[in-house]
Amino acid sequence: MPILLSRRALVITSALVGFSATVGAADPLKIGVIASYSGAYADYGKQMDGGMAVYLAETGGTLAGRPVTFIRKDTAGPAPDLANRFAKELIIRDKVDLIVGLDFSPNAIAIAPVLTEAKVVAVVMNAASAVIPSRSPYIVRTSFSVSQVSAPMAQWALTQGIKQVSTIVSDYGPGQDAEKAFHAAFKAGGGTITNAMRVPLSNPDFSAYVQRLKDEKPDAAFIFFPSGDQPTAFMRNFRERGLEATGVKLLATGEATDDAFLANQGEDPAGLITSHHYSFAHPSPRNVAYTAAFRKIVGEMRPSYMSVAAYDGLALIDAALKKTGGKTDAPTLIEAMKGQTLDSPRGPITIDSVTRDIVQTVYIRKAQRVNGQMVNVEFDAIQAVQSPGVTP
Amino acid sequence: MIRRFLEPLAWAGVAVAVFWGLPDRLALVTHLTTLALFALSLHVVVGLGGILSLGHAAFFGLGAYTVGLLALQGWTEPLTALLAAGIIGAVAGLAAGSVLARLRGLPALMVTLGLGLLLHEAALRLPGLTGGEDGLSGLETAPIFGSFAFDLWGKTAYWYALSVLAAAFWCVSRLEVAPFGVSLRALHDNPTRLHALGIGQTARVQTAYGISGALAGLAGGLLTQTTQFVSVEVFSFHRSADVLVMLILGGVGRRYGALLGPVLYGVLRDVLADWHPAYWGAGLGLALMAVVLLAPQGLLGLRWPWARANPERVELPATTHLHK
């Protein structure tokens, strides 16, 4: 038995040696990335890496004049216990200056106590649960929260004379966040919720829910499902049962027409009205340059909202480091990040100085074909939307 | 007889060596210790009783949430909280065992699978209690004996987790040679014969599930205490499946396999993931296939030149009299 054990020690030691070899160059900024690089969500890590690569290409590979070393850790989807251990190892062993990435909410929440104890700043580049920045004083978010993009849809619907809405959401954290934010905003504006339905997260059959919509005939239906196949499945069902003809409008958040999937969804999303903070087709010279640079570096893949959040995450770190004169200790750095305003490819964004959450424009878009490509065309916007999350 | 003292000493030496030699890998070792305890709990039913389980995360999750919910209520003393996790796991194991003991083979496997999925779904449906996918965070754990606080470097957590694993491992070792353990083994090898001998199966399997549930509950509790976090992911199917893979990798039916499997799986995953964050899965898959093809009995099932044939395996002498 001791023989086996010493083998195990050997394996661990060799890993350690292999790792220390990556350290070099003149005082590089070490950034730990906790994201999904394998499995069903491998694209998430790819999008984030792409967004960060675009930013570094603009600055010549440096942040505030320092070269950057990334140490990537793969959680392969939601794996809070792994994320927690990775955060500890990145801080203790690799001595990173910052942690970025964090595509899934449980992963971001699980590392919060480690960040607080070790005093290390983390930039959340996707995880969208409302509570995340409140869980540690050293968390800042450059992506969005589900609540933040759901409430504007309710406000916009009210301006269109929509008075009665049924909501259908996936029964999990983000779905419940979306439902809560939409209901609150819609009722505050004098609207009525006809029916609030929750569907199971995995393999739902939508026909019964669509039939109920048909019977109730509200002015509109608001849906939230995780991006991927489910929104398409719902829309197909909605069409097949002829709900469009009965005048029920379909509203959703941008997850339903995620740029990463939109190109492969055929005609099903056409005409769907969604609210989100970033569209691949956002008409600004800044975004045109961004998407071109992304495609040049990563390939034909469309940059999604995740890549933009990663791009802005590095921009935020860059700006904050310039302000602190290169100091990376968490209290100083987080203070420098608070209140920063950046010119993002999605439009202007600000880091709220109290909640450390992002304040940004939420766009109302319609899915349609432009030059043969299915894209989200923005036609209305609600400026400076706060994340109605939790204040610390 | 000498082995009795030599072995614990050797292990203690290894523990100290890891502590001093790899001070920045303690988080990994602690994590693997938790998984080893979980694998050990599965060993009691799979290895000894020969009853496959695909829902063991149910007991693990209950233990994890017991500690989490107690911490939220302000009960942060680690030892009593962990004990509570073990008790809850045992109660759940006995309850599940009352049904599972009446089934064998595939039906039993299906019920364990159903049990795991059921608890996972229930936890998802009760976000007020479990925190849903977001989980419960900021869970405090008080210092052990009021003086050893859990630190960022994981020194306390390392010794704490190792001590719990060592105690559990000793108990399982004793269990294997006790009449109860031997009769479980007999149940595995030849249930008909056991039945003919007039030895009841139902109560034995149920008790095995109770013991296994207690150990899984302890493992879950340890995970919560060492990560200060718990979410419904502790109930997930992949956790049940992973632990079974680890046990098979180490060698089913051997308690040392329950230690070796998680360590090998965890270290391999970590080394490969450091090598390449995206393609480590391919490397791990190849390694697993190689092990299963070259060592179908698990790594400890190989005839190592320095090992006696199946040293941990307790062979039943033909004349053994089993007492009920």
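As they're listed, the protein sequences go chains R and D.
First residue of the first sequence: 1435, per this note's numbering; consecutive thereafter.
First residue of the second sequence: 21, per this note's numbering; consecutive thereafter.
A virtual CB, placed ideally from N, CA and C, is assigned to each residue, including glycine.
- Residues of the region 187-198 of chain D that bring their beta carbon within less than 7 angstroms of a beta carbon in chain R are absent altogether.
- In the displayed model, R/Asn1541 falls within a helix according to three-state DSSP.
- Interface flag for R/Arg1569 against chain D is set, since a Cβ pair is found closer than 8 angstroms.
- Taking every protein chain shown into account, the CB of D/His258 has fewer than 16 other CB atoms within 10 angstroms, so this residue is exposed.
- Counting the other CB atoms within 10 Å of its CB gives R/Thr1496 a total below 16, which places it among the exposed residues.
- Out of D/Ala234, D/Gly277, D/Tyr299, D/Ile164, the CA that lies nearest to the CA of D/Ala84 is found in D/Ala234.
- Looking at R/Ala1654, R/Arg1790, R/Ala1715, the one whose alpha-carbon comes closest to that of R/Leu1750 is R/Arg1790.
- In the displayed model, R/Gln1817 falls within a strand according to three-state DSSP.
- Counting the other Cβ atoms within 10 Å of the Cβ of D/Met309 gives fewer than 16, which makes it exposed.
- Bounds of any alpha helix (DSSP H) do not take in R/Lys1597, whose DSSP letter is neither H nor E.
- Per the C-alpha coordinates, the member of R/Gly1484, R/Gln1598, R/Gln1774, R/Ala1562 positioned closest to R/Asp1752 is R/Gln1774.
- DSSP, reduced to helix, strand and coil, places R/Lys1683 within a strand of the structure shown.
- Looking at the backbone, the Cα of R/Ala1517 and that of R/Ala1743 are separated by about 20 angstroms.
- For R/Ile1468, the uninterrupted beta strand (DSSP E) segment begins and ends at 1463-1469.
- Between the beta-carbon of D/Trp300 and that of R/Ser1472 there is about 7 angstroms, and that keeps the pair under the 8 angstroms contact cut.
- Setting aside the 5 residues that flank it on each side, R/Ser1713 is surrounded in the same chain by Arg1799, Asn1810, Glu1812, each with a C-beta closer than 6 angstroms to its C-beta; the list follows chain order.
- Ranking R/Leu1755, R/Ala1654, R/Pro1719 by CA distance to the CA of R/Thr1708 puts R/Ala1654 first.
- Against chain D, the CB of R/Ala1618 has no partner CB under 8 angstroms away; the residue lies outside that interface.
- Rounded to whole angstroms, R/Pro1765 and R/Gly1733 show a C-alpha spacing of 38 angstroms.
- Per DSSP, the unbroken alpha helix (DSSP H) holding R/Gln1645 starts and ends at 1641-1650.
- Shown here, R/Val1722 sits in a helix according to DSSP, grouped into three states.
- With respect to chain D, the C-beta atom of R/Tyr1489 has no partner C-beta closer than 8 angstroms.
- Its Cα nearest to that of R/Gly1625, the residue R/Phe1616 stands out among R/Phe1728, R/Gly1760, R/Phe1616.
- One alpha carbon belongs to R/Thr1687, the other to R/Ile1657, and they sit about 7 angstroms apart.
- Secondary-structure assignment with DSSP links R/Ala1655 through a beta bridge to R/Ser1600, R/Leu1684.
- CA-to-CA, the gap between R/Thr1795 and R/Gly1781 works out to about 7 angstroms.
- For R/Asp1777, the enclosing beta strand (DSSP E) has its first and last residue at 1775-1778.
- Residue burial is scored here from C-beta neighbours: R/Val1555 has at least 16 other C-beta atoms within 10 angstroms and is therefore classed as buried.
- The beta carbons of D/Ser118 and D/Ala236 sit about 17 angstroms from each other, so the pair does not count as a contact at 8 angstroms.
- The Cβ atoms of R/Val1633 and R/Asp1605 lie closer than 8 angstroms to each other.
- Comparing alpha carbon positions, the residue from D/Leu185, D/Ser73, D/Leu92 closest to D/Leu52 is D/Leu185.
- Look at the region 238-267 of chain D: the residues with a C-beta under 7 angstroms from a C-beta of chain R are Leu243, Thr247, Gln248, Phe249, Ser251, Glu253.
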